[in-house]
Each structure stands twice: as C-alpha cells, then as structure tokens.
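Note sheet for the following structure.
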Amino acid sequence: MTAAANGRLFETRNVSMHYGAYRALHDVSFHVADGEFVSIVGPNGAGKTTLVNVVTGLLKPTTGEVRFMDRDIAGVGPVELARRGMSRAFQLVNIFPALTVRETLAVAVASRLRRVANPFRSLWRDRELQADVERVAAAVGLAARLETQASTLSQGEKKLLDIASAFALNPSVILLDEPTSGVSTADKHSIMEVMVAAAKAAGVRAIVQVEHDMDLVARYSHRIVALQEGKVLADLPPDTFFSDPAMIAAVVGTRPPAMKRAP
Ligand SMILES: Nc1ncnc2c1ncn2[C@@H]1O[C@H](COP(=O)(O)OP(=O)(O)OP(=O)(O)O)[C@@H](O)[C@H]1O
Ligand SMILES: [Mg+2]
Numbered sequence: 001m002t003a004a005a006n007g008r009l010f011e012t013r014n015v016s017m018h019y020g021a022y023r024a025l026h027d028v029s030f031h032v033a034d035g036e037f038v039s040i041v042g043p044n045g046a047g048k049t050t051l052v053n054v055v056t057g058l059l060k061p062t063t064g065e066v067r068f069m070d071r072d073i074a075g076v077g078p079v080e081l082a083r084r085g086m087s088r089a090f091q092l093v094n095i096f097p098a099l100t101v102r103e104t105l106a107v108a109v110a111s112r113l114r115r116v117a118n119p120f121r122s123l124w125r126d127r128e129l130q131a132d133v134e135r136v137a138a139a140v141g142l143a144a145r146l147e148t149q150a151s152t153l154s155q156g157e158k159k160l161l162d163i164a165s166a167f168a169l170n171p172s173v174i175l176l177d178e179p180t181s182g183v184s185t186a187d188k189h190s191i192m193e194v195m196v197a198a199a200k201a202a203g204v205r206a207i208v209q210v211e212h213d214m215d216l217v218a219r220y221s222h223r224i225v226a227l228q229e230g231k232v233l234a235d236l237p238p239d240t241f242f243s244d245p246a247m248i249a250a251v252v253g254t255r256p257p258a259m260k261r262a263p
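Residue 100 in my numbering sits at position 100 of the sequence shown, with consecutive numbering throughout.
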C-alpha cells in the first residue's frame, strides 16, 4: 500500500458533520502524512471525537471528502477500513470485562485473519493466531498477564490492552481517542512510551491521538491540529503552537457558555 502522491496517508477535504441541526464539524480539511504523529486538541465539544469517527468510517460526513491511501472512503465502514489498514482504539469500550487478555487479543487477531466462525473453540488450536496474540501482548508489556481477566487489570493495563487490540489488526495507521485518559501522570508517560515503541516495531506508519494533556502533546507530536467549535483553529508544529499563549488558552479552555447544556 502506498501513500498518495502528495505523501498523505489520509485526509479530509472540506468535511462538515451535522447532528440534526447542530454542526459539529465545519469545513474541516485535515491530513496525516507518512511517518507523522499528529495530535488533535481542543476544548470539550470542539469536535475531536467526531473527526476521528469520520476518518475511521464510523460516521459519514454530511458534506466533504475522506480519503485513505489515495482512495475515497466515504461510506466505507470501520470493519472494511481496518482491513485496509486503519485501526483505532476506543476509550475502553472494546474491553469485555469477563474475557482474559488472551481472549481479548484473540478476538482482535481472529477478526484480522477473518476467522470469525467460532472464536472460542477451534481458534485455541490455531498456532498462527496464538503466536500473534503472544507477539502483540509482548509488544505492549502484557505477556505476563495473558491469562488475567480484563476486569482485574489496572487502569493503565486496560489502556495498553485497548491499544494492543488496535495493533492486533496490523494497521498502517492508528487513531487513539484520549489513549491515556483516567490514568496517573506517571502512567501516562509510560503508556505513551510503550505505544510509540510498539508502533515503530510493528511498522505503523502514522499515529493520530486526541489528547488533553499538553505535556504529552508537546512531547510526542510532530504536528498539532487544534479544533474549536468544529473548525480548524490551527495546524502547527509543536514549537510554534506552544509559543502562542492565546492558542494554548483557546485549546485548554472549556466549552463556551452558549454551548453548555441546560441543567
Ligand atoms: N451523536 C450526537 N448527537 C448530537 N450531538 C452530538 C453527538 N455527538 C456529539 N455531539 C455534539 O457535537 C459536539 C462535538 O462533540 P465531540 O464528541 O466530537 O467533541 P470532543 O471534542 O470529542 O469533546 P470531548 O473533549 O468532550 O471528548 C458536542 O457539542 C457534542 O455535544
Ligand atoms: Mg471526545
């Protein structure tokens, strides 16, 4: 698979997304090039998750184009997109508490190998699948936790399991919506380190994250895309972005009063 002639792995062109009468994205043009780590930032309700959902095929934009590997992917669902190499981690929603780490990763690997018929019986004897499960677990430091039930993992380990499930699909690109939310500052950094190292080892070509923690954004991003009220406020390298106090204030601000829900 190759990137577009302009070096872009994927992009949106003039995307708008309406939820009924409410416009969550307005004319958003966003791109990610081969080799990039891009952070999407912005206050609550700015449209970050909506943008990730549009790019990963969960939502079809109201208007505008979404391209991946130089093909129009508007209307292509997330399952087909994952098969083409785009994978995302959700905010823990993929974790079934009763499953073990091994079972969770087996489901993800099986879906890539298209062995969906009976994931809990015949697949256990599938050496290729089990080897893959063990490789993915090792890549995120969960090799010793394979038989542990997901519900008993620490918050940080749950995050790593969620990230590992995305890696299990052997993606070219991964998108992470607040990969470190709900964990301590110390754990955030180690999760990011593990994730970036695992991505490199797995040949992942680009990472996109939605992140509120500006230390993490500053440390890992090649480029920062700031959204505000559904529009692109800035698309800048970190040094330029962080040298503008007004920009930082706009991004870490809260939802404007007019947009707050009535009590
Ligand atoms: N399914 C939906 N139906 C109606 N409105 C929605 C829906 N999903 C999101 N919205 C609204 O669209 C706007 C953008 O939401 P989105 O979840 O993309 O924001 P976000 O930047 O990810 O915010 P947060 O930082 O809180 O995760 C918000 O005002 C939100 O209330
Ligand atoms: Mg969000």
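Positions of the beta carbon are idealized from the N, C-alpha and C atoms, including for glycine.
From the options, residue whose alpha carbon lies closest to that of residue i
i: V28; options: G45, V38, R127 and V15; result: V15
i: L160; options: D132, V196 and Q130; result: V196
i: Q148; options: A202, L176, R84 and L99; result: First, the residue type needs correcting, since residue 148 is Thr and not Gln in the sequence shown. Selected option, being the one with the closest Cα: L99.
i: F68; options: G7, F37 and H26; result: G7
i: R83; options: V107, E103, D187 and S111; result: S111
i: L216; options: S184, E103 and A198; result: S184
i: A206; options: A186, V173 and G57; result: V173
i: T264; options: Q155, G45 and A74; result: Given a span of 1 to 263 for the chain in the structure shown, any question on residue 264 remains unanswerable.
i: A202; options: A234, F30 and R135; result: R135
i: E128; options: Q155, G45 and L113; result: L113
i: A108; options: L169, V204, P61 and H31; result: L169
i: R88; options: M214, D70, V204 and D126; result: V204
Residue i, DSSP secondary structure in three states
i: S32; result: One detail in the question is off: residue 32 reads as Val in this sequence, not Ser. V32: strand per DSSP, three-state reduction.
i: H18; result: strand
i: D187; result: helix
i: I40; result: strand
i: T56; result: coil
i: R135; result: helix
i: I73; result: coil
i: R84; result: coil
i: A198; result: helix
i: G141; result: coil
i: D213; result: coil
i: R156; result: Rather than Arg, the amino acid found at residue 156 in this sequence is Gly. In this structure, G156 counts as helix in the three-state DSSP scheme.
i: P245; result: helix
i: A168; result: coil
i: E128; result: helix
i: L92; result: Confidence at L92 is low in this model, with a pLDDT of 45, below 50, so its placement is unreliable and no value can be given for it.
i: V252; result: helix
Through-space distance from residue j to residue i, alpha-carbon basis
i: F242; j: S39; result: 13 angstroms
i: D244; j: P237; result: 12 angstroms
i: V76; j: G20; result: 21 angstroms
i: H18; j: E80; result: 24 angstroms
i: A199; j: F167; result: 8 angstroms
i: K162; j: L105; result: The sequence given here has Asp at residue 162, not Lys. Approximately 9 angstroms between the Cα atoms of the pair.
i: L92; j: A137; result: With a pLDDT of 45 at L92, under the threshold of 50, the modelled position of this residue cannot be trusted, and the question is left open.
i: K158; j: A150; result: 7 angstroms
i: T63; j: G230; result: 14 angstroms
i: A139; j: A164; result: 8 angstroms
i: R145; j: V101; result: 7 angstroms
i: P43; j: A143; result: 36 angstroms
i: G156; j: I248; result: 27 angstroms
i: Y220; j: Y22; result: 33 angstroms
i: D72; j: G45; result: 27 angstroms
i: V251; j: T49; result: 15 angstroms
i: A33; j: I191; result: 23 angstroms
i: E193; j: G182; result: 17 angstroms
i: H189; j: K60; result: 34 angstroms
i: V133; j: E103; result: 9 angstroms
Contact belief for residue i with residue j at Cβ below 8 angstroms, rounded distance in angstroms
i: P171; j: M86; result: 6 angstroms
i: V54; j: V66; result: 6 angstroms
i: E36; j: H222; result: 5 angstroms
i: P78; j: G57; result: 5 angstroms
i: Q228; j: L176; result: At roughly 21 angstroms, the Cβ-Cβ gap does not stay under 8 angstroms, so Q228 and L176 are not in contact.
i: L51; j: L9; result: No, L51 and L9 are not in contact; Cβ-Cβ is about 15 angstroms, not under 8 angstroms.
i: V225; j: D235; result: 5 angstroms
i: V232; j: F30; result: 7 angstroms
Beta bridge counterpart(s) of residue i as assigned by DSSP
i: A206; result: V173
i: R67; result: E11 and D72
i: L25; result: M17
i: A234; result: A226
i: T100; result: Q149
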